[in-house]
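S.K.:
In the numbering used here, the protein residues as written are -2 to 491.
#1: DSSP state of residue 342, grouped into three classes?
#2: If you check the beta carbons only, do residue 251 and residue 408 fall under 8 Å apart?
#3: Could you tell me the distance, in whole angstroms, from the CA atom of residue 280 to the CA atom of residue 228?
#4: Which runs of the alpha helix (DSSP H) spanning at least 4 residues fall entirely within the segment 363 to 411, listed in chain order?
#5: From the DSSP output, in three-state form, read off residue 326 for me.
#6: Indicate the three-state DSSP secondary structure (helix, strand or coil) for residue -2 in the structure shown.
#7: Using a 10 Å radius around the Cβ and a threshold of 16 neighbouring Cβ atoms, would you call residue 336 buried or exposed?
#8: Three-state secondary structure (DSSP) at residue 233?
#9: Does the contact criterion of 3 or more C-beta pairs under 8 Å hold for the segment 101 to 115 versus the segment 170 to 183?
#10: Using DSSP with H/G/I as helix, E/B as strand and the rest coil, what is residue 101?
#11: Would residue 156 and residue 98 be called neighbours here (beta carbons separated by less than 8 Å)?
#12: At the 8 Å Cβ level, is residue 360 part of the contact set with chain B, yes or no?
#13: When you compare the CB positions of residue 158 and residue 103, do they come within less than 8 Å of one another, or not?
#14: At what residues does the beta strand (DSSP E) containing residue 305 begin and finish?
#15: Nearest-angstrom Cα distance between residue 359 and residue 390?
#16: Name the DSSP bridge partner or partners of residue 62?
#17: In this structure, what does DSSP give as the bridge partners for residue 317?
#18: Considering just the uninterrupted stretch of the alpha helix (DSSP H) at residue 32, what are its terminal residues?
#19: What distance in whole Å lies between the Cβ atoms of residue 426 and residue 375, which are believed to be in contact at a cut-off of 8 Å?
#20: Would you check if the distance between the CB atom of residue 25 and the CB atom of residue 67 is smaller than 8 Å?
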């Protein structure tokens, strides 16, 4: 199906191509009606269109999508989790995706365009059934794009781009909970068996007695930490970067550090993720798997892009300071960050980059001239939210291709900084500092930057963090900043 790529069209054309059938109550609970629907779909197939996807949305009693994911998913399946808790309740949401109905993995500099084509061609062959009035209904595509467009390591766990439409999607926003079933229908497939599987899985998801997820404390578990690049090696890289900055080779570079954490028992990606979402409710909490047992999790404070009803929001997030142990110390650290010439200069570079990249697409962004503070439990950042109205013919992935990677995770000039990162970093970044998120059938979507993140692989975890190096940076302070950023992940692992 991925090969049946159509000419790119605007967002309104997606809905023109996609067949939408009015809501049918309790379709997922009526075996005969479900079977007849799939049979009708199968009989409508032609030689030109030999596959279709049926996407059924239905409201259910409110559930915790992470609890469903933990209970239902299998290690051999692709799955995905994305949550953001906000002070404004109707902006908070959680969404889980289980197993893959259809997927695409791709590499290369055109990976965003290929992904966009894949989404459009899939939607062109999708029949959507059920309620359209509730948020997070309908088919969603879950995406992870690695930091680089080609894998540098032969043993990379995640491809440069993965896009998949799940078999099951469970989302919650306030008291609204939507379950979406996506079924691939082909000419020779047994649709009665598909209908039976859908019905049984729906019953299982909707009526299982899920346990409430709580903080899991791991005081008794011993972790062994092994730096991928040790402290002295990192400080040497910072000194080399400062020399290149002084010689005007580049003006900023973001250097990352990774540590291996080894446990006596296997890590639980789900329990670790739950610890993160309970401890860092203001962050994007995410998990994505590769279907081979490895999971990438994180709690990122940085939104890369959000589009809802043609309204774009993105963040400039650069410049950091620790939180204080007392109210007075915390206030002094915040005041120092807001008046730090080095941090304000680093922050301004990110704003200018985002504004320039959006302007190249014909988008006119708006932002405050003065940065705010984004304060997390152990660290605070300079933060400037940026907003814009998006023309209907510009797809989210067009913008993503322009923005990734921003100077907040790469450097300036970007291409030169990326070359230097390849030369001096010994650990494959993979999904670290990369776009992770989802896109729906209307072109709405949300992507976070995969920072404050970790790869979970059995009894081993690789934790990632980075620091922006500019003129005035000090190796010792940059190392301390990275260690501060790694601490939440270490605390969350179970």
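Just so you know, even glycine gets a beta-carbon here, dropped at the ideal spot from N, CA and C.
M.R.: So, from the listed chains and residues:
#1: helix
#2: yes
#3: 28 Å
#4: 393 to 400
#5: helix
#6: Any answer about residue -2 is weak, because its pLDDT of 40 lies below 50 and its placement is not dependable; what the coordinates show is given next. Three-state result, residue -2: coil.
#7: exposed
#8: helix
#9: no
#10: strand
#11: no
#12: Any reference to chain B falls outside this structure, which holds one protein chain only.
#13: yes
#14: 300 to 305
#15: 11 Å
#16: DSSP output for residue 62 lists no bridge partner at all.
#17: 378
#18: 28 to 40
#19: The pair is not a contact, with the Cβ atoms about 23 Å apart (cut-off 8 Å).
#20: no
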